[in-house]
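Numbering (the numbering used here), first residue to last: 69 to 356.
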């Protein structure tokens, strides 16, 4: 299963996972994720190892509830970002200036909910998390034994809001820039399990955007999808659940919206999408 990044829109993925975990016969063999997709993936696998599907569902819900109370993408310039996402003005203040201590609310939330040692056990489903090496501009994929709290924070590190995350002397930014999500590690399961991708950035636009927010939003979607589009071309059979088939958003700033009602709406849409997908796949095809 490949889980794309998209900030707060990752609550849709939460809903998809919630619906899949609630389905008889569903089994997860491997997950790859970037940014919010990496967060959801780590919560999923840790929860499964802690206590099976019920625990995984509870951990995912707890994370998004905590995120709504203390936005992990929040910062002194959040309102400005919502209005001017991807504009030159959005880059005028560095996080090293307005957040000199490098505080990241995600650290506290994930540390409380994820048991990273469980991810290293042989029985754990395979997990792959991407981050972007700032120096080389290339993707690095962390697997189970390498995945730490810092690796997840690196995968979800928006460079305009957070300090780069240092791991083994290298600095990393959001994995969505280069592998959103990683595809190649999942290909080894392609012949014996159904590959499913949860896509948060709309792959197509129904009409030409003409407003500044609309243009910025579409640009964000295209940039967020570019790595995935390249990798999927080389992939044979796969399924996808796409947020755009259930709702559309006019502003890229929605990726920073942590309002609980907004997140719950996305979660409900995700559950509905999972139900639609499961309806077309018998239990023997649900190992992804």
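Backbone N, C-alpha and C fix where the C-beta goes; we use that ideal spot for every residue, glycine too.
Coarse secondary structure for residue 185, derived from DSSP in three states
helix
With DSSP as the reference, label residue 137 as helix, strand or coil.
helix
DSSP three-state call for residue 230: helix, strand or coil?
coil
Coil, strand or helix - residue 327 by DSSP
Correct three-state label for residue 327: coil.
How many angstroms separate the CA atom of residue 167 from the CA atom of residue 93?
46 Å
Can you tell me the Cβ-Cβ gap for residue 116 and residue 126, rounded? I've got them flagged as a contact below 8 Å.
In fact, because the Cβ distance is near 11 Å, the residues do not count as touching under 8 Å.
Determine the DSSP secondary structure at residue 244, reduced to helix, strand or coil.
helix
Separation of residue 74 from residue 154, as counted between CA atoms:
At residue 154, the pLDDT of 44 sits below 50, so the modelled position is not reliable; the number obtained from the coordinates is stated separately. In this structure, the alpha-carbon of residue 154 lies about 14 Å from that of residue 74.
Integer-rounded CB distance, given that residue 187 should sit under 8 Å from residue 114:
6 Å
Could you check which residue in 220, 189, 95 and 83 has the C-alpha nearest to that of residue 330?
The shortest Cα separation from residue 330 among 220, 189, 95 and 83 belongs to 83.
Residue nearest to residue 210 in terms of C-alpha spacing, selected from 220, 80 and 273:
220
Give every residue of the same chain whose Cβ lies closer than 8 Å to the Cβ of residue 128, excluding the five residues on either side of it in the sequence, and list them in chain order.
82, 85, 86, 108, 111, 112 and 115
If you draw a straight line from the C-alpha of residue 257 to the C-alpha of residue 279, how long is it?
The straight-line gap from Cα to Cα measures roughly 43 Å.
According to DSSP, is residue 194 part of a helix, a strand, or is it coil?
strand
Could you tell me how far apart the beta carbons of residue 249 and residue 72 are, in whole angstroms, since I believe they sit closer than 8 Å?
6 Å
With DSSP collapsed to three states, give me the class of residue 255.
helix
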